[in-house]
Amino acid sequence: MDEITPRSQDFSRWYLDVVRRAELADYSPVKGCMVIRPYGYAIWELLQQALDSRIKATGHVNAYFPLFIPNSLLTKEAEHVEGFSPQVAYVTHAGGEELEEKLVVRPTSEAIIGTMYANWVQSWRDLPILINQWANVVRWEKKTYPFLRTTEFLWQEGHTAHETEAESEEETLKILDLYADVSESVLAMPVVKGRKTESEKFAGALRTYSIEALMGDGRALQAGTSHNLGQNFAKAFEIKFQARDKSVQYVWGTSWGVTTRLVGGMIMVHGDDSGLVLPPNVAPYQVVIVPIGRDNWRETVLPKALEIQSQLRAAGIRVTLDERDERPGWKFSEWEMRGVPLRVEIGPKDIEKAAVLVARRDTREKQSVSMEGLAQRLGDLLADVQKSLFDRARQFRDEHTHRTSSYDEFKQIMEGRPGFVIAPWCGSAACEAQIKTETQATIRNMPLGSSNPGGTCIRRDAPATAEAWFAKAY
Ligand SMILES: [Zn+2]
Numbered sequence: 341m342d343e344i345t346p347r348s349q350d351f352s353r354w355y356l357d358v359v360r361r362a363e364l365a366d367y368s369p370v371k372g373c374m375v376i377r378p379y380g381y382a383i384w385e386l387l388q389q390a391l392d393s394r395i396k397a398t399g400h401v402n403a404y405f406p407l408f409i410p411n412s413l414l415t416k417e418a419e420h421v422e423g424f425s426p427q428v429a430y431v432t433h434a435g436g437e438e439l440e441e442k443l444v445v446r447p448t449s450e451a452i453i454g455t456m457y458a459n460w461v462q463s464w465r466d467l468p469i470l471i472n473q474w475a476n477v478v479r480w481e482k483k484t485y486p487f488l489r490t491t492e493f494l495w496q497e498g499h500t501a502h503e504t505e506a507e508s509e510e511e512t513l514k515i516l517d518l519y520a521d522v523s524e525s526v527l528a529m530p531v532v533k534g535r536k537t538e539s540e541k542f543a544g545a546l547r548t549y550s551i552e553a554l555m556g557d558g559r560a561l562q563a564g565t566s567h568n569l570g571q572n573f574a575k576a577f578e579i580k581f582q583a584r585d586k587s588v589q590y591v592w593g594t595s596w597g598v599t600t601r602l603v604g605g606m607i608m609v610h611g612d613d614s615g616l617v618l619p620p621n622v623a624p625y626q627v628v629i630v631p632i633g634r635d636n637w638r639e640t641v642l643p644k645a646l647e648i649q650s651q652l653r654a655a656g657i658r659v660t661l662d663e664r665d666e667r668p669g670w671k672f673s674e675w676e677m678r679g680v681p682l683r684v685e686i687g688p689k690d691i692e693k694a695a696v697l698v699a700r701r702d703t704r705e706k707q708s709v710s711m712e713g714l715a716q717r718l719g720d721l722l723a724d725v726q727k728s729l730f731d732r733a734r735q736f737r738d739e740h741t742h743r744t745s746s747y748d749e750f751k752q753i754m755e756g757r758p759g760f761v762i763a764p765w766c767g768s769a770a771c772e773a774q775i776k777t778e779t780q781a782t783i784r785n786m787p788l789g790s791s792n793p794g795g796t797c798i799r800r801d802a803p804a805t806a807e808a809w810f811a812k813a814y
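Numbering (my numbering), first residue to last: 341 to 814.
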């Protein structure tokens with residue numbers, strides 16, 4: 341078995357080893373694109389289901405818009421096209437001819453969806469429009485990293501249109517809460533909800549909000565964004581409606597998305613030197629049963645193991661039984677590497693005692709559990725693993741979050757123990773850029789509900805206007 345590089349030795353190498361060894365993803369013949377292998381895709385599907393059910397429960401519906409966008413549509417919103425142009429891929433030839441107008445391979449879908457909404461909205465009675473789509477998008481990246489940054493990635497993008505600014509702001513924040521809930525309750529990944537600075541906001545948006553998580557190496561990951569688009573896109577795409585007072589107005593828009601990057605975040609938050617550690621809520625297998633025994637285990641142990649497997653399945657637990665002709669010890673480390681939350685060992689002696697041995701992936705604790713009521717007990721243990729992973733990640737995050745108003749200390753922290761640094765900031769983009777040049781740290785966001793700390797900016801002698809969370813980021 342190939343070794344996995346220890347996290348402390350080289351975190352980046354460790355991550356790539358885990359992705360490859362656990363068969364989550366592979367490189368493709370197209371540079372920067374990744375193949376998501378079945379085990380990785382199963383994780384994505386569970387996450388997708390959790391998101392999709394919440395998106396629908398908050399009144400949204402799914403639709404699908406085309407992959408190709410006429411170039412003239414993308415260029416309608418000036419800030420938007422400027423923000424995306426370095427990353428856009430074009431189709432110039434098709435059907436054996438050069439196209440009259442080149443097509444954009446969507447980097448995001450505001451342009452095509454805005455064009456359609458302009459046709460669909462006439463009156464205030466047509467609002468709100470609450471549409472989500474599950475799709476792939478392409479952003480040409482110079483430097484790629486499996487799941488975290490790939491040229492083509494999978495995501496959901498919500499696009500809504502509203503009568504008033506208040507409604508669009510409410511929607512933007514509602515989705516931010518939804519994203520935070522999925523990150524924390526499904527991926528067991530604690531996040532900070534807040535507003536992005538002007539320089540970090542989405543190209544063409546009025547305001548961008550994000551959730552930010554802290555990875556195991558002390559770098560931050562932007563895990564999801566929700567944008568209040570204001571009326572910028574409505575004006576560019578002529579999305580107008582007759583208001584209740586008969587006046588003609590532009591709609592207020594939002595857009596929001598999370599991507600396959602969340603899978604990478606989950607790996608970096610929970611994984612250890614043995615490989616993946618999966619939160620039960622996104623584990624393709626929550627339990628693996630490993631039969632123990634001598635040469636005749638297929639006769640002595642397997643029938644009981646199969647019986648237990650069907651019991652657990654009937655109780656709604658995702659379970660697999662490892663029947664391969666390999667040593668149990670080999671199977672143990674294989675499933676540990678793949679991050680399965682609970683391992684059930686069953687041998688002839690266990691059967692005599694009507695019990696099994698259960699090992700937790702997160703704490704590696706082992707305990708004997710009676711076969712009677714086993715499904716219930718394992719269900720409880722899975723819930724406990726889910727909670728423990730979240731608590732552990734939050735404790736790590738808290739231990740790596742510092743507050744300072746001294747720039748010397750700020751620089752010291754960014755050089756040494758990494759993590760979040762909470763510091764007062766003056767609101768100047770130039771100042772923000774200087775801090776980035778000098779320390780590589782960027783403002784991740786300004787948390788909701790945080791107030792002006794007063795005093796002076798961390799970088800220069802100017803009044804602070806906000807409390808910002810800084811970090812080196814992926
Ligand atoms: Zn400043």
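Idealized CB from N, CA, C, for every residue including glycine.
Open item on the list: Can you tell me whether residue 440 is buried or exposed? The criterion is at least 16 other CB atoms within 10 Å of its CB, across all chains shown.
Closed with: exposed
Open item on the list: Looking at the secondary structure, which residues open and close the beta strand (DSSP E) in which residue 366 lies?
Closed with: 365-367
- [ ] Could you name the residues of the same chain whose beta carbon sits closer than 6 Å to that of residue 516, not counting the 5 residues immediately before and after it, in chain order?
- [x] 533, 549 and 566
Task: Buried/exposed call for residue 757, threshold 16 Cβ in 10 Å - done: exposed
Task: Distance between residue 522 and residue 731 (C-alpha atoms, nearest Å) - done: 15 Å
TODO: Verify the contact flag: residue 802, CB atom, against every heavy atom of ligand 1, threshold strictly below 8 Å.
DONE: yes
- [ ] Less than 8 Å between the CB atoms is what I'm expecting for residue 608 and residue 355, so what's the real figure, rounded?
- [x] 6 Å
TODO: Measure the C-alpha to C-alpha separation of residue 409 and residue 598 and round it to an integer number of angstroms.
DONE: 21 Å
Open item on the list: Determine whether the beta carbon atoms of residue 682 and residue 690 lie at a separation below 9 Å.
Closed with: no
- [ ] Look up residue 660 in the DSSP assignment and give the residues it is bridged to.
- [x] 628
TODO: State yes or no: is the C-beta of residue 511 within less than 9 Å of the C-beta of residue 547?
DONE: no
- [ ] Please find out if some non-hydrogen atom of ligand 1 comes closer than 8 Å to the beta-carbon of residue 765.
- [x] yes
TODO: Could you tell me whether the stretch 792-811 touches the stretch 583-594, where touching means 3 or more Cβ pairs closer than 8 Å?
DONE: no
Task: residue 798 CB to nearest heavy atom of ligand 1 below 8 Å - done: yes
Open item on the list: On the DSSP letters alone, give me the boundaries of the alpha helix (DSSP H) that residue 754 sits inside.
Closed with: 747-755
- [ ] Taking residue 626 as the reference, give the member of 643, 634 and 656 with the closest Cα.
- [x] 656
Open item on the list: When you measure from the CB of residue 771 to every non-hydrogen atom of ligand 1, does any distance come out below 8 Å?
Closed with: yes
Task: Distance between residue 473 and residue 391 (C-alpha atoms, nearest Å) - done: 12 Å
Task: Three CB pairs or more closer than 8 Å across the stretch 371-390 and the stretch 618-632 - done: yes
TODO: Quick one: give me the first and last residue of the beta strand (DSSP E) that residue 456 is part of.
DONE: Element bounds for residue 456: not the beta strand (DSSP E) but the alpha helix (DSSP H), 450-460.
Open item on the list: Rounded to the nearest angstrom, what separates residue 572 and residue 505 at their Cα positions?
Closed with: 12 Å
Open item on the list: Measuring only from the beta carbon, is residue 768 closer than 8 Å to any heavy atom that is part of ligand 1?
Closed with: yes
Open item on the list: Quick check on the DSSP output: the alpha helix (DSSP H) that includes residue 672 runs from which residue to which?
Closed with: 668-677
Open item on the list: Classify residue 806: buried if its beta carbon has 16 or more other beta carbons within 10 angstroms, exposed otherwise.
Closed with: buried
Open item on the list: Extract the residue ranges of the alpha helix (DSSP H) inside the stretch 551-606, only unbroken runs of 4 or more that lie entirely within it.
Closed with: 572-577
Open item on the list: Considering only their Cβ atoms, is the gap separating residue 358 from residue 527 smaller than 9 Å?
Closed with: no
TODO: Could you name the residues that DSSP lists as bridge partners for residue 492?
DONE: 478
Open item on the list: In the DSSP output, which residue or residues are listed as bridge partners for residue 401?
Closed with: 471
- [ ] Within the same chain, show all residues whose beta-carbon is closer than 8 Å to that of residue 780, passing over the 5 residues directly before and after it, in chain order.
- [x] 754 and 812
Open item on the list: Do residue 499 and residue 852 count as a contact pair if the criterion is CB distance below 9 Å?
Closed with: Since the first and last residues shown for the chain are 341 and 814, residue 852 lies out of range.
TODO: Compute the beta-carbon to beta-carbon distance between residue 569 and residue 545, rounded to the nearest angstrom, for a pair I have assumed lies under 8 Å.
DONE: 5 Å
Open item on the list: Alpha carbons only, please: which of 699, 555 and 647 is nearest the one belonging to residue 328?
Closed with: An answer regarding residue 328 cannot be provided, because it is not within the stretch 341 to 814 covered by the chain.
TODO: Just list the beta strand (DSSP E) runs in the stretch 630-657, keeping only unbroken ones of 3 residues or longer that don't cross its boundaries, in chain order.
DONE: none
TODO: State the Cα-Cα distance for the pair residue 469 and residue 460, rounded to the nearest angstrom.
DONE: 9 Å
Task: Exposure label - residue 707; buried when at least 16 CB within 10 Å - done: exposed
Open item on the list: Just to confirm my understanding: we take residue 367, look at its own chain, exclude 5 residues before and 5 after, and list those with CB closer than 7 Å. What are they?
Closed with: 374
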